[in-house]
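So in our numbering, spot 166 of the sequence shown is number 166, and the numbers just go up one at a time. From the three backbone atoms N, C-alpha and C, an ideal C-beta is built for every residue, glycine too. Following: one structure in structure tokens, then a few remarks.
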Amino acid sequence: MKSKYLISMLMMSAVLSVTGCTQNTVPSSSVPPVSEEIPNPDENEIDYLVLVNRQKEVPADWADQAEFVTLKNSMGDEISLEKKTADAFAELKDDLAQNHVNVDIYSGYRSVEEQQAVADDYTERYGEEYVRLNVAAPGYSEHHTGLALDLYLIVDGEAVYENEEMLEYSDLWAKVHARLAEHGFILHYLEGKEDITGFNYEPWHIRYVGQASAREIMEQGITLEEYLGEASSVDVEIDYGTSEIYTKDDMDEAITQIRKVFADFAGCELHNIRYTSDDCNSEENIKWMNELREDQEYTECIKFLSDFHTPAENSGAFEPDHEYTDYEWYLARSEGGSWEVLSYGY
Ligand SMILES: [Zn+2]
Numbered sequence: 001m002k003s004k005y006l007i008s009m010l011m012m013s014a015v016l017s018v019t020g021c022t023q024n025t026v027p028s029s030s031v032p033p034v035s036e037e038i039p040n041p042d043e044n045e046i047d048y049l050v051l052v053n054r055q056k057e058v059p060a061d062w063a064d065q066a067e068f069v070t071l072k073n074s075m076g077d078e079i080s081l082e083k084k085t086a087d088a089f090a091e092l093k094d095d096l097a098q099n100h101v102n103v104d105i106y107s108g109y110r111s112v113e114e115q116q117a118v119a120d121d122y123t124e125r126y127g128e129e130y131v132r133l134n135v136a137a138p139g140y141s142e143h144h145t146g147l148a149l150d151l152y153l154i155v156d157g158e159a160v161y162e163n164e165e166m167l168e169y170s171d172l173w174a175k176v177h178a179r180l181a182e183h184g185f186i187l188h189y190l191e192g193k194e195d196i197t198g199f200n201y202e203p204w205h206i207r208y209v210g211q212a213s214a215r216e217i218m219e220q221g222i223t224l225e226e227y228l229g230e231a232s233s234v235d236v237e238i239d240y241g242t243s244e245i246y247t248k249d250d251m252d253e254a255i256t257q258i259r260k261v262f263a264d265f266a267g268c269e270l271h272n273i274r275y276t277s278d279d280c281n282s283e284e285n286i287k288w289m290n291e292l293r294e295d296q297e298y299t300e301c302i303k304f305l306s307d308f309h310t311p312a313e314n315s316g317a318f319e320p321d322h323e324y325t326d327y328e329w330y331l332a333r334s335e336g337g338s339w340e341v342l343s344y345g346y
């Protein structure tokens, strides 16, 4: 299946679950300027629904418009947040503590320079391709707004802040998420919406939008992109087909990777993802995957097909307003490793 039209994608292996926000190893040293003129808060109200994502850059004058405050977490780190967001976070934290769920803030406002430092650090460690898929580009992180923050859990008095470890506390996160809207927060990086957000599920990354919008968004279980009409809310149909070698979990893990790559297909609407057949795990395909990435030793291959529709305008390399069908996705993994998208196209 070595089609010459296939676009080859080389990805660094995901050693860590590093995410849209990334567990920041760079200290938040630079505090944004505090606005000096606030005669009437209503007149100076910033846009709490501002959208910053992989396609939308933070407005150039954002740091001048917003008022920031600095708070200290239980580990003694100083973190900046937009003022209203900080107040709402304090309420959320108290509310949760009363229900015996203890959280604190791990990461808040991040300057473009700090995001660049994060990207540089991860590029050195995991390579460019990995960073392209897992770390927001400087200027395109929601953390630049000061309205987004990453929580960490405090379990039996101990701070739990490593992504992998935090993901194990789904029961605690469910309790946190149940209280978000009440305090004006939403969960942005939802499970199963990776094709819209471009990021893995992040139970710790919350975003302040204000109470009214938060209630609507959380009730509908949608992303901010969908709420603002920036992405279609069409459900992606998944067909797992039949397989004797892969479980539904194996396939879901692969599908998440496909959806993340698809998020870069700006304006395209994903309709379905379909498992092909166990024939995809052929010696020939595995050999081809290993040729694409000579530093890896892949032992398994998986192939899916998908249909999607391109936007009428700005369709990039795609034909505008066109339904692409049976678009192919090849992924491979090594023994004990995670699926990587290695090739997609026709
Ligand atoms: Zn984050």
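Could you check which residue in the options has the C-alpha nearest to that of residue i?
i      : options                           : result
Tyr121 : Pro138, Ile105 and Ile46          : Rather than Tyr, the amino acid found at residue 121 in this sequence is Asp. The residue with the shortest Cα to Cα distance from Asp121 is Pro138.
Glu237 : Asp249, Gly221, Asn285 and Glu269 : Glu269
Asp326 : Tyr275, Pro311 and Glu114         : Tyr275
Ile255 : Glu194, Gly336, Asp235 and Asn285 : Glu194
Val69  : Trp62, Val52, Gly221 and Gly108   : Gly108
Leu292 : Asp171, Ser170, Tyr330 and Leu224 : Tyr330
Gln98  : Glu191, Arg179 and Glu128         : Arg179
Val234 : Asp307, Trp62 and Ile206          : Asp307
Glu96  : Glu328, Tyr152 and Glu253         : The question names Glu, but residue 96 in the sequence shown is Leu. The shortest C-alpha separation from Leu96 is found at Tyr152.
Gln55  : Phe199, Ala63, Ala90 and Leu81    : Phe199
Glu253 : Phe304, His144 and Ser277         : Phe304
Residue i to residue j, Cα distance in whole Å?
i      : j      : result
Gly210 : Leu49  : 8 Å
Ser17  : Asp87  : No answer about Ser17 holds up, because its pLDDT of 35 lies below 50 and its placement is not dependable.
Tyr126 : Ser334 : 17 Å
Glu340 : Ala174 : 29 Å
Val103 : Glu67  : 24 Å
Gln348 : Ile245 : Because residue 348 is not part of the residues shown, which for the chain are 1 to 346, the question remains open.
Cys301 : Tyr344 : 13 Å
Thr197 : Gly241 : 26 Å
Asn134 : Asp150 : 16 Å
Ala284 : Phe262 : According to the sequence shown, residue 284 is Glu rather than Ala. Their backbone Cα atoms lie some 26 Å apart in a straight line.
Glu114 : Ser338 : 29 Å
Met289 : Leu342 : 7 Å
Phe318 : Val112 : 31 Å
Ile222 : Asn281 : 35 Å
His322 : Thr310 : 5 Å
Asn272 : Gln257 : 14 Å
Leu190 : Leu51  : 16 Å
Arg259 : Val118 : 24 Å
Glu142 : His188 : 10 Å
Asp61  : Tyr140 : 14 Å
Ile154 : Lys93  : 11 Å
Asp47  : Gln65  : 9 Å
Glu313 : Ser170 : 41 Å
Lys248 : Lys83  : 44 Å
Asp264 : Leu224 : 17 Å
Pro320 : Asp156 : 55 Å
His205 : Leu167 : 12 Å
Ser243 : Asp250 : 11 Å
Pro346 : Ala212 : A small correction: the amino acid at residue 346 is Tyr; Pro does not occupy that position in the sequence shown. When rounded, the distance between both Cα atoms is 45 Å.
Ordered along the chain, which non-local residues of its own chain (more than five positions away) have a Cβ less than 7 Å from that of residue i?
i      : result
Met75  : Ala159
Gly316 : Ala266
Thr123 : Val131
Val101 : Leu172, Lys175 and Val176
Considering only heavy atoms of ligand 1, does any lie closer than 6 Å to the CB of residue i?
i      : result
Asp150 : yes
His205 : yes
Keeping to the same chain, check which residues put their C-beta closer than 6 Å to that of residue i; ignore five residues upstream and five downstream.
i      : result
Tyr208 : Thr85, Ala88, Leu147, Gly184 and Phe185
Ala181 : Ala214, Arg215 and Met218
Ser232 : Glu269
Pro203 : Trp173
Ile105 : Asn73, Ile79 and Leu149
If I measure Cβ to Cβ from residue i and keep anything under 8 Å in the same chain, skipping five residues before and after, which residues do I get?
i      : result
Ile347 : Absent from the model: residue 347. The displayed extent of the chain is 1 to 346, so no value can be given.
Glu57  : Gly139 and Tyr140
Gly336 : none
Glu36  : Note that Glu36 has pLDDT 46, beneath the 50 cutoff, so the model's placement of it is unreliable and the number below is only indicative. So the list is empty, once near-sequence residues are dropped.
How about residue i: is its Cβ closer than 6 Å to a heavy atom in ligand 3?
i      : result
Tyr140 : Summarising the ligand content, the structure contains ligand 1 and does not contain ligand 3.
Counting Cβ pairs closer than 8 Å, one from the region 226-233 and one from the region 156-163, do we hit at least three? no
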